[in-house]
Each structure stands twice: as C-alpha cells, then as structure tokens.
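In order, the protein sequence lines correspond to chains C and P.
Just so you know, we're using UniProt numbering here: the first sequence kicks off at 1 and counts up by one.
Just so you know, we're using UniProt numbering here: the second sequence kicks off at 1 and counts up by one.
The beta-carbon is built from N, C-alpha and C at its ideal position, and this holds for glycine as well.
2 protein chains.
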Amino acid sequence: MPYSIKAAAARCGLSEYTLRYYDKAGLLPFVARDASGYRAFTDGDMALLHTIICLKNTGMRIDDIRTYIQYVMAGSSTVAERRALLQKHREAVAAKQRAIAENLKEIDYKLALYEDPQAAQLVARELAAASQDKQAANLPDAFAGIH
Amino acid sequence: MPYSIKAAAARCGLSEYTLRYYDKAGLLPFVARDASGYRAFTDGDMALLHTIICLKNTGMRIDDIRTYIQYVMAGSSTVAERRALLQKHREAVAAKQRAIAENLKEIDYKLALYEDPQAAQLVARELAAASQDKQAANLPDAFAGIH
DNA sequence: ATAGACCTTAGAGCATACTCTAAGGCAACC
DNA sequence: GGTTGCCTTAGAGTATGCTCTAAGGTCTAT
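Have a look at this one:
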C-alpha cells in the first residue's frame with residue numbers, strides 16, 4: 001500500500017533528490033520508515049505532500065513550509081496559527097501577482113512597439129534620442145553608429 | 001545632468017551593489033563613464049534600466065535580459081528578435097501566473113477549512129484518517145497521540 | 001550466492017542573484 | 001595637505017534550493 005521514494009517522486013513530480021532534501025529540511029517528519037529503514041509514503045502523506053507542493057509552487061520558502069508542517073504535527077490546537085500563516089501567505093502571493101501584472105503591462109507596451117509596422121523607425125528614433133542624451137552630457141556614446 | 005551610481009540606485013530602487021553586478025553581468029553596456037571613470041547614467045539609460053527591471057520583476061533571468069540588451073545595442077535590425085524574446089517571455093509569465101492562481105485555489109480551500117467554526121474537529125478527523133493509514137500499513141505512526 | 005535494482009546517509013557541488021569587503025583613486029572643502 | 005565622501009575594481013561570502021556522488025545496506029530472482 002505505501003509508496004517507495006521512487007514511486008512517491010513519480011506521483012508528485014518531484015525528484016527523489018528533492019524529496020530527500022525536503023525530508024532533511026524537516027518538511028516530511030510524518031513519513032514513516034519500514035523495517036529496512038526505507039521511507040514509506042502513505043496516501044495521507046501524499047496529501048500533505050501535495051499541500052507542501054502548493055505552498056512551494058506559490059513561492060513559499062522552505063523555512064516557512066517547515067513552520068506550517070510543525071503546526072500540523074502539533075495537532076488541531078494550532079488551527080489559528082495555520083490560518084494566520086496561510087492568510088499572510090495568500091496576501092503576499094496576491095500582491096506579487098498584482099506586481100507582476102503591472103510589470104507585464106509595460107512589457108506589453110514594449111511589445112506593441114515592436115509589433116508596429118513602423119517598429120524599425122520608432123526604435124531608431126528612441127535610439128537617436130538616447131544618443132543625443134550622451135552627446136549633450138559630453139559622454140562617450142555607446143549608441144553611436146547604430147541604426 | 002547625468003546621475004551618479006548612488007543617484008541612479010536611489011531612483012530605480014536597486015542597490016549600488018546590484019547596479020554594479022548588473023554592469024559586470026553585461027546588462028548595462030550603454031552606461032558611459034565620465035572623465036574620472038565614474039559611471040554616468042543619462043535619462044535614456046534610466047529608461048532602458050526601467051525595462052531591465054520590468055523583465056527582472058517578471059522573473060526573467062539575467063542571461064536572458066543580457067540577450068535582450070544585446071539586441072537593443074545592435075540597433076533596429078533586431079526588432080524581430082526582440083519581439084520573439086518578449087513574446088516568449090510574456091507567455092511564460094502568463095503561464096506561471098495561471099499556475100500560481102491554480103495552486104492558490106487549493107490553499108484557499110485549506111484556508112476555508114481552517115476558518116470553519118468546526119475547524120478543530122475537521123482537522124482532528126483528517127489527522128485520525130492519516131493515523132489509520134499508518135496503522136493499516138503496519139508503520140510507525142508519527143501522528144499517534146496528537147489531537 | 002551473486003547480480004541487479006532498489007534504498008540509505010553524509011556531504012560536496014552547482015546555479016542564481018546578489019551582497020559585501022578590501023584596497024585604492026578622485027574631488028571638494030577647510 | 002589632510003579629511004571626507006564619493007567612486008572604482010576584483011574577488012570573497014551569503015542565501016536558497018536543489019542535484020549529485022560515494023559508500024554502503026536490502027531485497028528479489030536466478
């Protein structure tokens with residue numbers, strides 16, 4: 001019934017190396033060992049691992065994931081702490097998503113410029129302006145001679 | 001008119017260290033030096049630096065940003081390459097945003113559980129199930145005795 | 001009983017992106 | 001001319017998260 005590390009890795013999409021690294025880092029204190037000292041992942045373990053991967057995929061650091069797992073291992077008395085941790089993370093992720101969306105808008109603006117039929121001319125004009133900046137300041141001009 | 005590295009750092013929000021690191025990494029070939037060998041950032045340089053920061057903030061790697069800057073330094077003949085690079089990046093960022101949103105949904109699900117008035121009971125039930133997984137597989141139970 | 005595929009650990013190595021230190025040059029003011 | 005504050009470089013150090021190697025134990029089938 002339980003999965004070997006190889007099977008668990010295949011199921012969750014992480015490498016065996018990464019699973020061992022996570023275990024060493026204190027993220028998998030719940031994974032039991034069989035009589036030979038081999039890790040044995042149960043379905044319940046895979047569910048918790050899934051949560052760990054969600055936290056990782058949203059950018060949570062190993063240290064913070066460990067804190068979450070420690071709350072889980074401490075039982076239902078830590079529900080408030082878990083809620084606070086996840087809420088804080090949720091807001092941080094949302095804020096980062098918004099920031100990325102903002103930056104992406106500017107990249108889209110650049111992209112629109114490059115997609116314009118007159119792109120070459122527009123770019124050449126930008127370049128000429130940058131070039132003049134240098135001349136006006138009596139600085140060597142890295143853009144000189146570029147079209 | 002041009003900005004010292006200190007002024008440029010203050011304006012763009014990066015540290016002086018980071019600006020020097022970027023220069024060393026080939027991201028700032030356009031920044032000129034004054035008679036004393038000091039970097040002199042023009043307004044045109046700041047605009048390009050802004051683009052670099054947008055790319056960085058959306059997770060582009062230094063190596064790829066350098067490629068983009070090399071296209072810029074090669075003039076308007078590289079418009080097609082720049083467009084391709086930005087489009088590819090744009091799609092990668094969008095895909096990652098979607099992936100994060102997916103993972104966030106699962107975290108929200110967990111959060112809803114913790115926000116339930118019956119949270120402690122629900123969590124205790126999860127825990128009991130995980131505990132039974134271990135028992136059924138004749139494995140040491142890390143959850144034993146936790147409420 | 002031996003080959004092969006699996007597992008274990010400790011610890012080294014790597015990639016990325018900074019971050020800082022050391023040693024020293026330049027420029028302005030008292 | 002000395003102090004102060006800015007700048008330069010090379011290169012070392014840090015943080016994070018893997019990724020891999022070496023040495024060795026276990027299990028299964030032939």
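| request: Please report the Cβ distance between C/I52 and C/L86, rounded to the nearest whole angstrom; I am assuming they are in contact, meaning their Cβ atoms lie under 8 Å. | output: Their Cβ separation, rounded to whole angstroms, is 13 Å, which puts C/I52 and C/L86 out of contact at 8 Å.
| message | I'd like to know whether the C-beta of P/L19 is nearer than 7 Å to at least one C-beta of chain C. | response | no
| query | Looking only at its own chain, which residues have a Cβ that is under 8 Å from the Cβ of P/L122, when we skip the five neighbours before and after it? | reply | L113, D116
| query | Would C/A32 count as contacting chain P if we go by Cβ distances under 7 Å? | reply | yes
| said: Let me make sure I understand the geometry here. Which of C/Y17, C/G59, C/M1 has the alpha-carbon closest to that of C/K88? | reply: C/G59
| query | If C/S76 sits next to P/H147, beta carbons under 8 Å apart, how far is it from one beta carbon to the other, in whole angstroms? | reply | 6 Å
| request: Closer than 6 Å by C-beta to P/I62: which residues in its own chain qualify, once you throw out the five before and the five after it? Chain order, please. | output: A25
| field | Which of helix, strand or coil DSSP assigns to P/R39 | value | strand
| field | Proximal residues to C/D141 (C-beta, below 7 Å), its chain only, five neighbours per side dropped | value | S131, K134, Q135
| said: Based on DSSP bridge pairs, tell me the residues matched to C/Y68. | reply: Paired residues: none, contrary to the question.
| If we count the other Cβ atoms within 10 Å of its Cβ and call it buried at 16 or more, is P/Y68 buried or exposed? | buried
| CB contact below 7 Å: P/E12 versus chain C | The residue asked about is misnamed: residue 12 of chain P is Cys in this sequence, not Glu. Chain C contact via Cβ: absent.
| Whose C-alpha, out of P/A10, P/C54, P/D45, is nearest the C-alpha of C/E106? | P/C54
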